[in-house]
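S.K.: The following block contains the structure, expressed as structure tokens.
This is the structure we're talking about:
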């Protein structure tokens, strides 16, 4: 059900991307991931807001054989992506 106060023209691209999997000006890949993730960052479990900087992350890094497919992609807040990438690197370094 669409929020009564919601409009596709209100600038709330996270709401519409999450709902429809598409939104003008939002990269298709990001919009589809937001819809799949129900608008939630899997790293911090917080909802995305229109002000957030969102980055696409490879769940299994390409350097470890991860594929560039939707099953291996997730949308993360920029800071969450930085933390995950650092942890991926540190895990490799300790092996």
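Numbering (the UniProt record's numbering), first residue to last: 1 to 95.
Idealized CB from N, CA, C, for every residue including glycine.
Model, not experiment: these values are computed from the prediction.
Under the DSSP definition of a beta bridge, which residues are partnered with residue 75?
M.R.: For residue 75, which the question treats as bridged, DSSP gives the partners 56.
S.K.: Could you compute how far the alpha carbon of residue 68 sits from the alpha carbon of residue 58?
M.R.: Computed Cα separation, rounded: 7 angstroms.
S.K.: Quick check: what's the CA-CA separation for residue 28 versus residue 56?
M.R.: Going from the Cα of residue 28 to the Cα of residue 56 covers about 11 angstroms.
S.K.: For residue 43 and residue 84, I'd like the C-alpha separation in whole angstroms.
M.R.: Answer to the nearest angstrom: the Cα atoms are 8 angstroms apart.
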